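Trainee: Letter by letter, the sequence shown follows residues 0 to 503 in numbering that gives the first Met the number 0.
Each residue gets a CB set at the ideal place from its N, CA and C atoms; glycine is no exception.
Remember, it's a predicted structure, so these values are computed and weren't measured experimentally.
Please read through the structure below; I'll follow up with questions.
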Amino acid sequence: MASSHVMKKDGPEPVPRMQPAMMMFSSKYWARRGLSLDSAMFDHQQQRHTGGQMSRRPSFCPINETPDKESAEDSGKTAVVFSLKNEVGCLVKALRLFQEKRVNLNHIESRVSKRVVNEVEIFADCSCSKKEFNELLQHLKDHVNIISFNTPAHVWAAEADGDDVPWFPMKISELDQCSHRVLMYGSELDADHPGFKDEVYRQRRKYFVEVAMNYKFGQPIPRIEYTPEEVRTWGVVFRELTRLYPTHACREYLKNLPLLSKHCGYREDNIPQLEDVSLFLRERSGFTVRPVAGYLSPRDFLAGLAYRVFNCTQYVRHSTDPLYTPEPDTCHELLGHVPLLADPKFAQFSQEIGLASLGATDEDVQKLATCYFFTIEFGLCKQDGQLRAYGAGLLSSIGELRHALSDQACVKMFDPKTTCNQECLITTFQEVYFVSESFEEAKEKMREFAKTIKRPFSVYYNPYTQSIDLLKDTRSIENVVQDLRSDLTTVCDALGKMNTYMGI
C-alpha cells in the first residue's frame, strides 16, 4: 500500500508525491475525512468479543451467599474460577467435588462464559485452609476446567464489566466482513487524481469495485481482461523498476521474482492474474490474496494478515502518469508486496503483526500499523554489508527506492518501541528508514513488542482449521501444548534417524 513518484526527465531529483501506504494506516489521514482509526467497527452496538459470537455484556447470577466474618482483604485468597458445560445438573456435580473435600463455600456466582460457547463460569469463594485449598484444586483439575484461583470477587466482577474487546474474525471466512467494510472505494477519486476528469477511467474503477465486493471466501478470484492501455501502463512501471532491482532489492525478492515470471506471467506485456498469484503464494508460504474494493481500516487490513491473507487491489493507475499513483494499485501490490510474501520467513513476520492486532485497542493497533508501515512498506535490511530494500513502498517507487539507499537518507535500527512513535509522512519521502539485520530479527522484536499489547488473552492461529484459538484458560493452552508435543515427537524421530543412519 505505497506509491511510486513522479520522475522529472530534465532533473536528477524525483518530485515526491503522496504515499498511499499512509492512506491505509494513518489515523491523522482518516481524521481529516471524519473517520476514526476503527470506524468500520460496530460502534452503534454495545458489542464485545466472545470467541466468534457477538453478544452484550454478561450479567452475574448469584446462586448462594453465606458470608462469614472474613475481611475484604482476605477475600479471594481461597477462591477459584472454573468453567462447566451449560447443561442440566452440571453445577450439582461440581459442588459435590467441594463436598468430597469437605470444603465449605462462602460465596458462589455464575455467568455465561466469555471464553467458550455453551459454557458457564463459576466463581467459588471457599472457607478452608491453604493446604485444604491446594488439595481441592488438585481434585478439581481432574473434573473441571480451572480458569484461575486466588481471585478476589471485585476482580472477577471488574473483568465482566470492563472495556469491550473489539470484534475480530475467528475463522478465515469471516474476513469477508473485514474486506467488504471499505472506508473509501477505489472509484471515489479526489479532484487532484490523474483520472478524476476521465469518465472512462472512473467507470473502469467502478467495475473493479464491483468485482471485489462480490467476492466471497473460497471462490476463485475473477480473471480480469485488462485493456491495452492498462497493460502499457503496467509495462512502463515493470520496465523501470526491474532495472533497479539487481542493485537495490533484497536477495529474497530477487529469488522470487523470476519464479513469478515463470509461474504467474510476470512480464512487461502482461499483468498477472490474482488467482494465479494466490495459488503460487499458497504453495510457497501459505499466503493467499483476495481482491479488495478500496481502503480498509488498519484493524480490518491487519486482521487479514493474521490469516495469511493479503487484501489486494486489481485496478491500474492512470496512464497519463504511470510512475505515480495516489493510492495502492495492482502495480504496487504485485511488484511491491507479492515477491516477498512468497518468502516463508517474511510471510511469518507479516502474520505476527496481524495476530498481534486481533482484539487490541485502537492505540495499540495504530502502533502496530506504524511498525507495519516502516517495515513491510518501507523497511530496509542488511545483506553482504550493503543496505537493501524489502519494503513494498520502496520496491514499487523508483524515486524513493533510489533515495532510501542513498547517502541522503537517514537510517536507524528497527526497534518497535521507538519505531511505533515515528511520524509517517504522506507528502514526501520518509524522514527516517529503519533497518533490520534479517526478517528473523525483525520478527523476534515484534514478538517481544506484541507482549505489551493490552488484551485479556493470547491468540493462536490453527492452520488446520484456519481459525483463531483464544488462549485464556488451562484447557485452551493444553490443546496447543498437545499440538506442540506432536511436532516435537516428529522432530525427535528425525533426529533419531539421523543418529542411526548418518552416525551423528
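Residue 105: buried (16+ other C-beta within 10 angstroms of its C-beta) or exposed?
Mentor: Taking the first residue of the sequence shown as position 1, residue 105 is located at position 106. Label assigned to residue 105: buried.
Trainee: Assuming residue 381 and residue 439 form a contact by the criterion Cβ under 8 Å, report the distance between their Cβ atoms to the nearest whole angstrom.
Mentor: As a working mapping, residue 381 is identified with position 382 in the sequence shown. As a working mapping, residue 439 is identified with position 440 in the sequence shown. With a Cβ gap of about 13 Å, residue 381 and residue 439 do not count as contacting.
Trainee: Between residue 489 and the rest of its own chain, which residues show a CB-CB distance below 7 Å, the 5 nearest in sequence each way excluded?
Mentor: Numbered from 1 along the sequence shown, position 490 holds the residue referred to as residue 489. None.
Trainee: Is the beta carbon of residue 211 sitting closer than 8 Å to the one on residue 291?
Mentor: Within the sequence shown, numbered from 1, the residue matching residue 211 stands at position 212. Within the sequence shown, numbered from 1, the residue matching residue 291 stands at position 292. It is a contact, given that the beta carbons lie within the stated cut-off.
Trainee: Can you grab the Cα-Cα spacing for the pair residue 125 / residue 476, in whole Å?
Mentor: Within the sequence shown, the letter at position 126 stands for residue 125. Within the sequence shown, the letter at position 477 stands for residue 476. Approximately 26 Å, taken between the alpha carbons.
Trainee: For residue 242, is the classification buried or exposed, using 16 other Cβ atoms within 10 angstroms of its Cβ as the cut-off for buried?
Mentor: Walking along the sequence shown from the start, residue 242 turns up at place 243. Burial call: exposed.
Trainee: Please list the terminal residues of the continuous alpha helix (DSSP H) segment that includes residue 98.
Mentor: Taking the sequence shown and counting its residues from 1, one reaches residue 98 at position 99. From DSSP, the alpha helix (DSSP H) with residue 98 extends over 89–99.
Trainee: Run the CB neighbour count on residue 190, radius 10 Å, all protein chains shown included, and call it buried at 16 or more, exposed below.
Mentor: Taking the first residue of the sequence shown as 1, we reach residue 190 at position 191. Looking at its Cβ environment, which holds fewer than 16 other Cβ atoms inside 10 Å, residue 190 is exposed.
Trainee: If distances are taken between C-alpha atoms only, which option among 101, 303, 92 comes closest to residue 173?
Mentor: Residue numbering aside, residue 173 sits at position 174 when the sequence shown is read from its first letter. Of the listed residues, the one whose Cα sits closest to residue 173 is 303.
Trainee: Going by DSSP, what residues sit across from residue 123 in a beta bridge?
Mentor: Here residue 123 corresponds to residue number 124 of the sequence shown, with the count starting at 1. DSSP, once it has assigned bridges, lists 79, 107 as partnering residue 123.
Trainee: From what residue to what residue does the beta strand (DSSP E) around residue 287 run?
Mentor: Translated into positions along the sequence shown, residue 287 becomes position 288. Here the beta strand (DSSP E) through residue 287 covers 287–290.
Trainee: Helix, strand or coil for residue 390? Go by DSSP, reduced to three states.
Mentor: Residue mapping note: residue 390 aligns to position 391 of the sequence shown, counting from 1. Looking at residue 390 - three-state DSSP - the assignment turns out to be coil, as it is neither helix nor strand.
Trainee: Mind the definition here: the segment 323–330 touches the segment 407–424 only if three or more C-beta pairs lie below 8 Å; say whether that holds.
Mentor: no
Trainee: Find the nearest neighbour of residue 433 within the set 408, 312, 131, 443, judged by alpha-carbon distance.
Mentor: Here the question's residue 433 lines up with position 434 in the sequence shown. Nearest C-alpha to residue 433: 408.
Trainee: Roughly how many angstroms lie between the CA atoms of residue 88 and residue 143, to the nearest whole one?
Mentor: To locate residue 88, count along the sequence shown from 1; it is residue 89. To locate residue 143, count along the sequence shown from 1; it is residue 144. Cα-Cα distance, rounded: 14 Å.
Trainee: Spell out the partners DSSP gives residue 433 in its beta bridges.
Mentor: Translated into the one-based positions of the sequence shown, residue 433 becomes position 434. 411, per the DSSP bridge assignment.
Trainee: Using only alpha-carbon positions, find the residue among 446, 120, 330, 138 that is nearest to residue 239.
Mentor: Your numbering for residue 239 matches position 240 in the sequence shown. Closest option to residue 239, Cα to Cα, is 330.
Trainee: Going by beta carbon distance, what residues of the same chain come within less than 8 Å of residue 308, once the five residues before and after it are set aside?
Mentor: Taking the first residue of the sequence shown as position 1, residue 308 is located at position 309. For residue 308, where only same-chain residues beyond five positions count, the Cβ hits under 8 Å are 171, 174, 286, 287, 288, 289.
Trainee: Whole angstroms are fine: how far does the CA of residue 167 sit from the CA of residue 410?
Mentor: Here residue 410 corresponds to residue number 411 of the sequence shown, with the count starting at 1. Here residue 167 corresponds to residue number 168 of the sequence shown, with the count starting at 1. Each residue's alpha carbon lies about 35 Å from the other.
Trainee: Under 8 Å by Cβ, that's how I've got residue 274 and residue 219 pegged, so tell me the actual separation to the nearest angstrom.
Mentor: Your numbering for residue 274 matches position 275 in the sequence shown. Your numbering for residue 219 matches position 220 in the sequence shown. So it is a contact: roughly 5 Å between Cβ atoms.
Trainee: Between residue 315 and the rest of its own chain, which residues show a CB-CB distance below 8 Å, the 5 nearest in sequence each way excluded?
Mentor: By 1-based counting over the sequence shown, the position of residue 315 is 316. So the qualifying residues of the chain are 225, 229, 232, 233, 270, 328, 329, 330.
Trainee: Note down the Cα distance separating residue 83 from residue 141, rounded to an integer number of angstroms.
Mentor: Here residue 83 corresponds to residue number 84 of the sequence shown, with the count starting at 1. Here residue 141 corresponds to residue number 142 of the sequence shown, with the count starting at 1. When rounded, the distance between both Cα atoms is 13 Å.
Trainee: Which residue wins for smallest C-alpha separation from residue 135, given the options 81, 245, 102?
Mentor: If you number the sequence shown from 1, residue 135 lands on position 136. Ranked by Cα distance from residue 135, the options 81, 245, 102 are led by 102.
Trainee: Roughly how many angstroms lie between the CA atoms of residue 460 and residue 296, to the nearest whole one?
Mentor: Translated into positions along the sequence shown, residue 460 becomes position 461. Translated into positions along the sequence shown, residue 296 becomes position 297. Looking at the two C-alpha atoms, the distance is approximately 22 Å.
Trainee: For residue 494, count neighbouring C-beta atoms within 10 Å of its own C-beta (all shown protein chains included) and say buried if the count is 16 or more, exposed if not.
Mentor: On the sequence shown, residue 494 is found 495 positions in, with the first residue counted as 1. Exposed, by the Cβ-count rule.
Trainee: How big is the Cα-Cα spacing for residue 498 and residue 260?
Mentor: The sequence position of residue 498 within the sequence shown is 499, counting from 1. The sequence position of residue 260 within the sequence shown is 261, counting from 1. Roughly 41 Å separates the two Cα atoms.
Trainee: Mind checking which residues open and close the beta strand (DSSP E) that includes residue 381?
Mentor: Position 382 of the sequence shown, counted from the first residue, corresponds to residue 381. Its beta strand (DSSP E) spans residues 379–382.
Trainee: Let me know the beta strand (DSSP E) ranges lying completely inside the segment 315–353, each 3 residues or longer, listed in chain order.
Mentor: none
Trainee: Return yes when the Cβ of residue 91 is within less than 8 Å of the Cβ of residue 139, no when it is not.
Mentor: Here the question's residue 139 lines up with position 140 in the sequence shown. Here the question's residue 91 lines up with position 92 in the sequence shown. For the 8 Å CB-CB criterion, residue 139 and residue 91 do not form a contact.
Trainee: Do the CB positions of residue 442 and residue 313 come within less than 8 Å of each other?
Mentor: Walking along the sequence shown from the start, residue 442 turns up at place 443. Walking along the sequence shown from the start, residue 313 turns up at place 314. No, the Cβ-Cβ distance between residue 442 and residue 313 is not below 8 Å.
Trainee: Suppose the cutoff is 6 Å on Cβ atoms and the five residues either side in sequence are ignored; what does the same chain contact list for residue 301 look like?
Mentor: On the sequence shown, residue 301 is found 302 positions in, with the first residue counted as 1. Within the same chain, residue 301 has close Cβ partners 353, 356.
Trainee: Comparing C-alpha positions only, which one of 86, 112, 164 sits nearest to residue 362?
Mentor: By one-based count along the sequence shown, residue 362 stands at place 363. If we check each option's Cα against that of residue 362, 164 comes out closest.
Trainee: Enumerate in chain order the residues of its own chain whose CB-to-CB distance from residue 319 is below 6 Å, with the five nearest sequence positions on each side excluded.
Mentor: The sequence position of residue 319 within the sequence shown is 320, counting from 1. Answer for residue 319: 193, listed in chain order.
Trainee: Taking DSSP as the reference, what is the three-state secondary structure of residue 183?
Mentor: Counting from 1 along the sequence shown, the entry for residue 183 is found at position 184. In the structure shown, residue 183 sits in a strand (DSSP, three-state: E or B).
Trainee: Express the C-alpha separation of residue 480 and residue 453 in angstroms, rounding to a whole number.
Mentor: Numbered from its first residue, the sequence shown carries residue 453 at position 454. Numbered from its first residue, the sequence shown carries residue 480 at position 481. Approximately 24 Å, taken between the alpha carbons.
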